[in-house]
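Here the sequence shown is numbered in our numbering, starting from 1451 and rising by one per residue. Shown next, in structure tokens, is the structure this report addresses.
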Amino acid sequence: MAQRLSLYERRRQLIVRIYERQQDTIGNLAFEFGVSSHTIRNDIRVLELEYPIYTRMGAGGGVFILDSSRLQQRWLTVHQRELLMDVCSVLDDEQALLMKSIIGGLSP
């Protein structure tokens, strides 16, 4: 990729790519996103906690999506997330905490 993506945006695009392709290799994803294989592995470890993806080592290995899964586009864009985080500064502590939990639930 030509431009450097934020962590949030890279992970959002990474999960979309995996869902589109159903499987891919760590090396290919690292090349595509212009980051190291180590970075992609870390991203996958985080994404595995919320999405039905898994990795397999060795010949024929890579990153896979469970066959029965379908991606639901439920994420905020980077601009939407930034706007909502800015709004948190005018909320009281309890409201800001609630808003941040909502934002977290809509972020990969």
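Beta carbons are placed, not taken as given, at the ideal position from N, Cα and C, and that holds for glycine. Fair warning: this is a prediction, and the values are worked out from it, not measured in the lab.
Straight-line gap, residue i to residue j (C-alpha atoms, nearest Å)
| i | j | result |
| --- | --- | --- |
| L1548 | V1537 | 12 Å |
| Y1501 | D1543 | 30 Å |
| V1485 | Q1530 | 25 Å |
| G1555 | A1509 | 35 Å |
| R1495 | Q1545 | 31 Å |
| M1535 | R1461 | 19 Å |
| S1487 | V1540 | 40 Å |
| T1475 | N1492 | 14 Å |
| Q1473 | M1507 | 13 Å |
Per-residue burial, residue i [other beta carbons within 10 Å of its own, 16 or more giving buried]
| i | result |
| --- | --- |
| I1552 | exposed |
| L1499 | exposed |
| F1483 | buried |
| L1516 | exposed |
| L1526 | buried |
Rounded distance between the beta-carbons of residue j and residue i, thought under 8 Å
| i | j | result |
| --- | --- | --- |
| V1513 | L1479 | 7 Å |
Residues sharing a beta bridge with residue i, DSSP
| i | result |
| --- | --- |
| G1512 | R1506 |
| D1474 | V1513 |
Proximity below 8 Å, CB of residue i to CB of residue j
| i | j | result |
| --- | --- | --- |
| S1557 | Y1458 | yes |
| L1464 | L1497 | yes |
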